[in-house]
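Number of protein chains: 2
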Amino acid sequence: MPLRCPVEEQRFVLEHVARIHELTNDHDIVDAVLEGAAQYAEGEIEPLNRIGDTVGAKWSPEGVAMPKGFHEAYRLFVEGGWGTISAPEEAGGQGLPLTLGAAVMEDLNAANLAFALCPMLTMGAIEAIGAHGSDEQKRDYLPRIVSGEWPATMNLTEPQAGSDVGALRTKAVPNGDGSYAITGSKIYITYGEHDLADNIIHLVLARTPDAPAGTRGISLFLVPKVLPDGRRNDLRCASIEHKLGIHASPTCTMAFGDEGGATGWLIGPEHGGMRAMFTMMNNARLNVGLQGVGIAEAATQRAVAYALGRVQSARAGAASREAVAIHEHPDVRRMLLRMKALTMGARALAYYAFGQIDRGHRGDKLAAMRGDVLTPLVKAWGTDVGCEVASIGIQVHGGMGFVEETGAAQHLRDARIAPIYEGTNGIQAADLVGRKLGLDGGLAFDGLIADIRAEIEDPALAALADAVELVATTLRAAEQDDRLAGSYPFLTMCSVLTAGWLLERQARVATGDTPFLRAKRAAAGYFLAVVVPEALGLAAGAEAGAKLLYSVEAEALA
Amino acid sequence: MPLRCPVEEQRFVLEHVARIHELTNDHDIVDAVLEGAAQYAEGEIEPLNRIGDTVGAKWSPEGVAMPKGFHEAYRLFVEGGWGTISAPEEAGGQGLPLTLGAAVMEDLNAANLAFALCPMLTMGAIEAIGAHGSDEQKRDYLPRIVSGEWPATMNLTEPQAGSDVGALRTKAVPNGDGSYAITGSKIYITYGEHDLADNIIHLVLARTPDAPAGTRGISLFLVPKVLPDGRRNDLRCASIEHKLGIHASPTCTMAFGDEGGATGWLIGPEHGGMRAMFTMMNNARLNVGLQGVGIAEAATQRAVAYALGRVQSARAGAASREAVAIHEHPDVRRMLLRMKALTMGARALAYYAFGQIDRGHRGDKLAAMRGDVLTPLVKAWGTDVGCEVASIGIQVHGGMGFVEETGAAQHLRDARIAPIYEGTNGIQAADLVGRKLGLDGGLAFDGLIADIRAEIEDPALAALADAVELVATTLRAAEQDDRLAGSYPFLTMCSVLTAGWLLERQARVATGDTPFLRAKRAAAGYFLAVVVPEALGLAAGAEAGAKLLYSVEAEALA
Numbered sequence: 120m121p122l123r124c125p126v127e128e129q130r131f132v133l134e135h136v137a138r139i140h141e142l143t144n145d146h147d148i149v150d151a152v153l154e155g156a157a158q159y160a161e162g163e164i165e166p167l168n169r170i171g172d173t174v175g176a177k178w179s180p181e182g183v184a185m186p187k188g189f190h191e192a193y194r195l196f197v198e199g200g201w202g203t204i205s206a207p208e209e210a211g212g213q214g215l216p217l218t219l220g221a222a223v224m225e226d227l228n229a230a231n232l233a234f235a236l237c238p239m240l241t242m243g244a245i246e247a248i249g250a251h252g253s254d255e256q257k258r259d260y261l262p263r264i265v266s267g268e269w270p271a272t273m274n275l276t277e278p279q280a281g282s283d284v285g286a287l288r289t290k291a292v293p294n295g296d297g298s299y300a301i302t303g304s305k306i307y308i309t310y311g312e313h314d315l316a317d318n319i320i321h322l323v324l325a326r327t328p329d330a331p332a333g334t335r336g337i338s339l340f341l342v343p344k345v346l347p348d349g350r351r352n353d354l355r356c357a358s359i360e361h362k363l364g365i366h367a368s369p370t371c372t373m374a375f376g377d378e379g380g381a382t383g384w385l386i387g388p389e390h391g392g393m394r395a396m397f398t399m400m401n402n403a404r405l406n407v408g409l410q411g412v413g414i415a416e417a418a419t420q421r422a423v424a425y426a427l428g429r430v431q432s433a434r435a436g437a438a439s440r441e442a443v444a445i446h447e448h449p450d451v452r453r454m455l456l457r458m459k460a461l462t463m464g465a466r467a468l469a470y471y472a473f474g475q476i477d478r479g480h481r482g483d484k485l486a487a488m489r490g491d492v493l494t495p496l497v498k499a500w501g502t503d504v505g506c507e508v509a510s511i512g513i514q515v516h517g518g519m520g521f522v523e524e525t526g527a528a529q530h531l532r533d534a535r536i537a538p539i540y541e542g543t544n545g546i547q548a549a550d551l552v553g554r555k556l557g558l559d560g561g562l563a564f565d566g567l568i569a570d571i572r573a574e575i576e577d578p579a580l581a582a583l584a585d586a587v588e589l590v591a592t593t594l595r596a597a598e599q600d601d602r603l604a605g606s607y608p609f610l611t612m613c614s615v616l617t618a619g620w621l622l623e624r625q626a627r628v629a630t631g632d633t634p635f636l637r638a639k640r641a642a643a644g645y646f647l648a649v650v651v652p653e654a655l656g657l658a659a660g661a662e663a664g665a666k667l668l669y670s671v672e673a674e675a676l677a
Numbered sequence: 120m121p122l123r124c125p126v127e128e129q130r131f132v133l134e135h136v137a138r139i140h141e142l143t144n145d146h147d148i149v150d151a152v153l154e155g156a157a158q159y160a161e162g163e164i165e166p167l168n169r170i171g172d173t174v175g176a177k178w179s180p181e182g183v184a185m186p187k188g189f190h191e192a193y194r195l196f197v198e199g200g201w202g203t204i205s206a207p208e209e210a211g212g213q214g215l216p217l218t219l220g221a222a223v224m225e226d227l228n229a230a231n232l233a234f235a236l237c238p239m240l241t242m243g244a245i246e247a248i249g250a251h252g253s254d255e256q257k258r259d260y261l262p263r264i265v266s267g268e269w270p271a272t273m274n275l276t277e278p279q280a281g282s283d284v285g286a287l288r289t290k291a292v293p294n295g296d297g298s299y300a301i302t303g304s305k306i307y308i309t310y311g312e313h314d315l316a317d318n319i320i321h322l323v324l325a326r327t328p329d330a331p332a333g334t335r336g337i338s339l340f341l342v343p344k345v346l347p348d349g350r351r352n353d354l355r356c357a358s359i360e361h362k363l364g365i366h367a368s369p370t371c372t373m374a375f376g377d378e379g380g381a382t383g384w385l386i387g388p389e390h391g392g393m394r395a396m397f398t399m400m401n402n403a404r405l406n407v408g409l410q411g412v413g414i415a416e417a418a419t420q421r422a423v424a425y426a427l428g429r430v431q432s433a434r435a436g437a438a439s440r441e442a443v444a445i446h447e448h449p450d451v452r453r454m455l456l457r458m459k460a461l462t463m464g465a466r467a468l469a470y471y472a473f474g475q476i477d478r479g480h481r482g483d484k485l486a487a488m489r490g491d492v493l494t495p496l497v498k499a500w501g502t503d504v505g506c507e508v509a510s511i512g513i514q515v516h517g518g519m520g521f522v523e524e525t526g527a528a529q530h531l532r533d534a535r536i537a538p539i540y541e542g543t544n545g546i547q548a549a550d551l552v553g554r555k556l557g558l559d560g561g562l563a564f565d566g567l568i569a570d571i572r573a574e575i576e577d578p579a580l581a582a583l584a585d586a587v588e589l590v591a592t593t594l595r596a597a598e599q600d601d602r603l604a605g606s607y608p609f610l611t612m613c614s615v616l617t618a619g620w621l622l623e624r625q626a627r628v629a630t631g632d633t634p635f636l637r638a639k640r641a642a643a644g645y646f647l648a649v650v651v652p653e654a655l656g657l658a659a660g661a662e663a664g665a666k667l668l669y670s671v672e673a674e675a676l677a
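Quick note, the sequences are listed as chains A and B, same order.
Mapping of the first sequence onto my numbering: residues 120 to 677, in sequence order.
Mapping of the second sequence onto my numbering: residues 120 to 677, in sequence order.
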């Protein structure tokens, strides 16, 4: 089933949700980018999605070989400048809004999540070098990273240091010439090694000698696979993981310094690694939320196409005993509309958040903080939506959904990583109640709710806003454990409230009689009538506190 | 991580939920069966779960080769008499309650779902031949099927006839000697071919010449792989599917009659196939619900074991900055308790339903009808729980959950078939609102709710009972489409209500201070405090009607 990127929907959300006209005057460029990205995603990388899954990336001692077709597709990615959309102009980027770049990333995610991870990781490195790199680094590396000629990676995780980055042990010892010798082992390094490009720029977190313990002693290093003098650096991919999904994305164990030390250079100040890492990860979190949106879009399209073509059983209660296409059966229709509503909701939330970040970059501090508040919502709820929609997509296919050839199962397998990486969704929820709820003395969160309240009309949505405010008050006053115990359902409530607000806004202006506008109204209607009341049902869990959780030792739960 | 079958929990639920003492006087046999089954499942078939997944069943023109170890495990299954527990004594069974057999099946499912499917399908055939077969068939086939020497299959589905069984085209033409010549093709035939046994007894739905269209023209046939005279019958496995999970369970495309016709014999009267099929499928539906329970149990144990061993990050807000095992973090603890609560809830619901079926077999007509009402709940909600718990299990593992070696991902891949086969969960929901809600003039459903109301004390549970009654009233008065549109959320509400009732009952008697009883109280407490209010949030969707679903053409949803 060929993917059709939702250009009309994207344009509509960019206009009414992100209000992109406030971010760029050039409407032609918005259309050109959306249409060009759709063409590239549909034509070049979606056709590689299944071969990527079945063949996967292949490790050998010489390196990692990508599946057939990926090299040409990546060459076209670089040639088309698809990585440059929202990169800064001084680094060879086009300087367009991040929100527009987000729409492009959504298309790549929908078409081929495993492929899209390569540019996604690269984007994080561009941010980090742009914000913290030296002039030399910006000059020597940034243009080639921006163009995609040299893709980049994020080397954070070690076996004992996952969510707890501060526990990392990789060492960086000064060489005396301004460079450092890096030794250590990293795991789960996405695109840590591959044959799509001549060089790979690794951003590596490590400890300098005598660095303080924990996160305060971490520094960030630029460690290229090929050194400026053309020699191979002392680093290699020791193995790749055998994973549930995204098989074409090589998840590498990286060995630095087997022969004495990989050569690297500090990015930003010594011990400033965590700040640089957060620069990388923040937008990466939003981008992972977009992975949920992209997968949900692809899964929805596939399920609708199947439901239109699969004829099975007469409609219950109908006069005719003729079998009908299954989309006519109410419960199948319910599944399709649910998929659509959740996808549209997650997209609206993500684009809105990117719009706030863009405004923040233009100096609007309140918008920047709102972007911070929304980031855990986009990441966690967006990826939960990706998994739920992909799973419903399997169900719509019936027995065919369980057969890999259909492609429906791959969406779920691919989607399932997104709630885990770039900070698990549990960590997002902790970030929401631990930091974002109190940001700017609570004004950042409260301002969002106030804006929502000022605009919404639907009574269920208003009831959810009431509930969110009540829970927020409870959690702010609660002990740490109780706050964390309620964090996950609270995050879902906040996400559904925000998405519901943005869908209601869209439905209000979706007044015409085109298929797209009818779908928009129906999806928004379903979201308000069904998904919003479901979120209201989460309030009890959000306020339940931690006592019950600790009323039994974990050993007894096995 | 070695599985430990939950014998203490099973005994507790058999006693307080299924009240098995009313079904058998022999308490020693209950203990002996639970302990023996646990030993067999843990020792013999769980160790094959991963090789089954990675190697899978292998097709060749000569047949299907099962992975190494499966043959010996199956030999021990037959030797141990594990298929005979609740089979009738006159057929060589032990005549014990179905409910006890259910506990055994749960263990097999938890240990190795792909393996357990072979006996599960066989059980359906035992029921069908027992209820509808001739004396000769019962004499010649039943004892060997019951013992497991000859496993059996259900051949229903054809490419154009999935949920709509009435659309099947396989033909059965009388040979003149009492036998029939069967020709046609079947798909998705679980264990349709394998090398675990010398013979396989296929139960095949087909049409006799001049049979009426639709389901009324279907007959059931017994079609052995090896004929009584020792010749191979004219049937073969043409291919097996490449699936998301249960890789060791061969899902076969079966070709009957390539060389003129496979020889088969009618089971029951001509055109009586649908009745016989429902006999097979009814308990199969309950057994699929048990698959959800088994997978949830295995996934929970694996997640708890991981969370006990994985050390990461200090506890937020704690004085000590020492990293702790992750089960100490509130949101991880929440995930573990949720897994436990859902698993216990699904088990209670399933065992209770089996207990009703057992009472029905002993002549209690009201109990039989209650079993009918509960069947779609056990199948649909039990399998939804299996998927949700398996998915949370991945999340608890963090990045390791996405790596196949951990085993967490396999649980989700295996679990995902269960909401699909033996009647999709959507069809279960349609069965609930279409037939079960009106069974015995509505008294069967209303009686269940009245019994629940008479016993429950928790206010949230009482509120859910109110909501279920209101929605039931609405749906009974509603048009067909509106009823079906609300069927799925309504089914979930009914399931959570019934499970909540049975968990509250257990918590009431779980008064001691052992780890098991503490876990029981905590899980029941979580279920009532969190899961029950969530189900209340589904009422809006259950009452939303179909209008919104049809306000847009399906084409516009792609």
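The beta-carbon is built from N, C-alpha and C at its ideal position, and this holds for glycine as well.
Keep in mind it's a predicted model, so treat the numbers as computed, not measured.
For I386/B, the residue or residues it bridges with in DSSP: Translated into positions along the second sequence, residue 386/B becomes position 267. Looking at the DSSP assignment, I386/B forms a beta bridge with L339/B.
Residue span of the alpha helix (DSSP H) that contains F635/A, given as start and end: If you number the first sequence from 1, residue 635/A lands on position 516. Run containing F635/A: P634 to Y645, per the alpha helix (DSSP H) assignment.
Reduced DSSP category for V430/A - H, G, I as helix; E, B as strand; rest coil: As a first step, residue 430/A must be located in the first sequence, where it is residue number 311. In this structure, V430/A counts as strand in the three-state DSSP scheme.
G202/B to G220/B span [Cα, whole Å]: For the purposes of this step, residue 202/B is taken as residue 83 along the second sequence, with counting starting at 1. For the purposes of this step, residue 220/B is taken as residue 101 along the second sequence, with counting starting at 1. Going by the C-alpha atoms only, they are around 8 angstroms apart.
Contact the stretch 336-345 of chain A vs the stretch 245-252 of chain A: 3+ CB pairs below 8 angstroms: yes
Beta carbon proximity, P495/B to chain A, threshold 8 angstroms: Within the second sequence, residue 495/B is the residue found at index 376, counting from 1. Not closer than 8 angstroms to any Cβ of chain A, the Cβ of P495/B fails to qualify, so no.
Limits of the alpha helix (DSSP H) - the one that V649/B falls within: As a first step, residue 649/B is located in the second sequence; it is residue number 530 there, counting from the start. Neither: V649/B is in no alpha helix (DSSP H) and is coded neither H nor E.
Sub-8 angstroms separation of Y454/A and I511/A beta-carbons: Position 335 of the first sequence holds residue 454/A. Position 392 of the first sequence holds residue 511/A. Contrary to the premise, residue 454/A reads as Met rather than Tyr in this sequence. Result yes, Cβ atoms of M454/A and I511/A sit closer than 8 angstroms.
The stretch 312-325 of chain B in contact with the stretch 359-376 of chain B per 3-pair CB rule at 8 angstroms: yes
Inside the stretch 405-492 of chain A only - alpha helix (DSSP H) runs reaching at least 4 residues: 449-480
C-alpha distance - G664/A paired with A438/B, whole-angstrom precision: Your numbering for residue 664/A matches position 545 in the first sequence. Your numbering for residue 438/B matches position 319 in the second sequence. Distance between the alpha carbons of G664/A and A438/B is about 20 angstroms.
Whole-Å CB distance - P388/B paired with L668/A, under 8 angstroms assumed: Translated into the one-based positions of the second sequence, residue 388/B becomes position 269. Translated into the one-based positions of the first sequence, residue 668/A becomes position 549. 58 angstroms between Cβ atoms; not a contact.
N-terminal and C-terminal residue of the alpha helix (DSSP H) that N168/A is part of: Locating residue 168/A in the first sequence gives position 49, where the first residue counts as 1. First-last of the alpha helix (DSSP H) with N168/A: N168 to V174.
Coil, strand or helix - Y307/A by DSSP: On the first sequence, position 188 is the one that residue 307/A refers to. In the three-state reduction of the DSSP assignment, Y307/A falls in the strand class, which pools E and B.
L558/A at chain B interface by Cβ criterion, 8 angstroms: Position 439 of the first sequence holds residue 558/A. No, L558/A does not count as interfacial toward chain B.
Closer than 8 angstroms to chain B by CB, D577/A: Reading the first sequence from its first residue, position 458 is the one you call residue 577/A. No, D577/A lies away from the interface with chain B (no Cβ there is under 8 angstroms from its Cβ).
Per-residue burial, F397/A [other beta carbons within 10 Å of its own, 16 or more giving buried]: Start at 1 with the first residue of the first sequence, and residue 397/A comes out as number 278. Of the other Cβ atoms in all chains shown, fewer than 16 fall within 10 Å of the Cβ of F397/A; this residue is therefore exposed.
Reduced DSSP category for Y332/A - H, G, I as helix; E, B as strand; rest coil: What you label residue 332/A is simply residue 213 of the first sequence in a count that begins at 1. Position check: residue 332/A holds Ala in this sequence, whereas Tyr was assumed. A332/A falls in the coil class under three-state DSSP.
Segment contact flag, the stretch 642-657 of chain A with the stretch 606-626 of chain A, C-beta cutoff 8 angstroms, min 3 pairs: yes
Touching by the beta-carbon criterion (3+ pairs, under 8 angstroms), the stretch 280-288 of chain A and the stretch 260-271 of chain A: no
Short CB-CB distance (under 8 angstroms) between R452/B and chain A: The residue you call residue 452/B lines up with position 333 of the second sequence. Yes, R452/B lies at the interface with chain A (some Cβ there is under 8 angstroms from its Cβ).
Nearest neighbour of F635/B, chosen from T611/A, L610/A, E674/A and A638/A [CA to CA]: For the purposes of this step, residue 635/B is identified with residue 516 of the second sequence, where counting begins at 1. Out of T611/A, L610/A, E674/A and A638/A, E674/A has the C-alpha closest to the C-alpha of F635/B.
Supposed close pair I513/B, A528/B - CB separation, criterion 8 angstroms: In the second sequence, the residue the question calls residue 513/B occupies position 394. In the second sequence, the residue the question calls residue 528/B occupies position 409. Going by Cβ atoms, the distance from I513/B to A528/B rounds to 6 angstroms, so yes, they are a contact pair.
Residue-chain proximity (D348/B, chain A), Cβ-Cβ < 8 angstroms: To locate residue 348/B, count along the second sequence from 1; it is residue 229. Answer no: the Cβ-Cβ gap between D348/B and chain A never drops below 8 angstroms.
Buried versus exposed call for V628/B [16 or more other C-beta atoms within 10 Å across all chains shown]: Taking the first residue of the second sequence as 1, we reach residue 628/B at position 509. The residue in question, V628/B, is exposed, as its Cβ has fewer than 16 Cβ neighbours within 10 Å.
Residues that C506/A contacts on chain B, provided the C-beta gap is smaller than 9 angstroms: Within the first sequence, residue 506/A is the residue found at index 387, counting from 1. Close partners of C506/A in chain B (Cβ separation under 9 angstroms): S510.
Residue nearest to W620/B in terms of C-alpha spacing, selected from Y607/B, P578/B and L405/B: Here residue 620/B corresponds to residue number 501 of the second sequence, with the count starting at 1. If we check each option's Cα against that of W620/B, P578/B comes out closest.
Unbroken alpha helix (DSSP H) run spanning K257/B, endpoints: Along the second sequence, read from residue 1 onward, the residue named residue 257/B stands at position 138. Note, K257/B: alpha helix (DSSP H), D254 to D259.
Beta carbon of R169/A nearer than 8 angstroms to that of L153/A: Taking the first sequence and counting its residues from 1, one reaches residue 169/A at position 50. Taking the first sequence and counting its residues from 1, one reaches residue 153/A at position 34. No; because the gap between Cβ atoms is not below 8 angstroms, this pair is not in contact.
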